[in-house]
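Engineer: UniProt numbering numbers the first residue of the sequence shown as 1 and each following residue consecutively. Got a structure for you, questions after.
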Amino acid sequence: MQLDRIVNFHKTIGDKTRIKIIALLKEGPLHGQAIAGKLGLTAPTISHHVNKLREIGIVYQRRDKNTIYFHLDEKKLEFAAKAILRIGDEKEMKPFQVDNEEKFKVINNFFGENGKLKTIPAQRKKKLIILEHMLKGLKKGQRYSEPEINEHIKQFHEDFATIRREFIMCRFMFRENSIYELNPEEMWPV
């Protein structure tokens, strides 16, 4: 997790009302009026604070008929809270390891002997295996410009824009102001 995101997380969490909302949601999902009633605040105030918590990804909402319930994503909260302990972990990412026969088959089917990707898999599961394989050689904690990422991708496939977008959409990488950085492996979908 990038330093700016860690700072933003702690700034957002550093509010008594938001901490109280987190404590309430830890017990189970609630709708805005219930939160407002329990905290003695107005619905617009609760809405403001819940939106801040949603922006950092630790609260999400689900609709049940005409009522929106807010849920706490405890895994994301715990991960974000512990991110400060991972600052400075600049070790090079482990080279891709084929840890099972299925991954080995997917890689062999989609990559030629020259190491180039023949085609981007349509099936999500296979696409994730391929994308993870293409991260080989990138270092954790290192920031890459867009041209650097493009060059890295070109060694595997000419359509660097599509692959770059997939890295972001699948949460393998984070992009801000055309600067790319690997997300911690805990955030990866595979």
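The C-beta atom is built at its ideal place from N, Cα and C for all residues, glycine as well.
Just to confirm before moving on: does the CB-CB distance between K76 and I87 stay below 7 Å?
Structural biologist: no
Engineer: Using a 10 Å radius around the Cβ and a threshold of 16 neighbouring Cβ atoms, would you call Q123 buried or exposed?
Structural biologist: exposed
Engineer: Which one of Q155, R5, R143, K65 has the shortest CA to CA distance from A81?
Structural biologist: R5
Engineer: With DSSP run on the structure shown, which of helix, strand or coil describes E90?
Structural biologist: Reliability of the predicted coordinates at E90 is poor, the pLDDT of 43 falling under 50, and no value is obtained from them.
Engineer: Which two residues bound the contiguous beta strand (DSSP E) that contains M173?
Structural biologist: Counting along the chain, the unbroken beta strand (DSSP E) around M173 starts and ends at 173 to 176.
Engineer: I'd like the list of long-range same chain contacts for I46, defined as Cβ closer than 6 Å, with 5 residues on each side in sequence excluded.
Structural biologist: G32, I35, A36
Engineer: Can you tell which of I149, S145, F9, Y180 has the C-alpha that lies nearest to the C-alpha of I84?
Structural biologist: F9
Engineer: Taking the alpha-carbon of Y180 as reference, which of P189, E186, E151 has the nearest alpha-carbon?
Structural biologist: E151
Engineer: Using the C-alpha atoms, what's the distance from D15 back to H133?
Structural biologist: 41 Å
Engineer: Since I68 is in the beta strand (DSSP E), which residue starts that stretch and which ends it?
Structural biologist: Note, I68: beta strand (DSSP E), 67 to 72.
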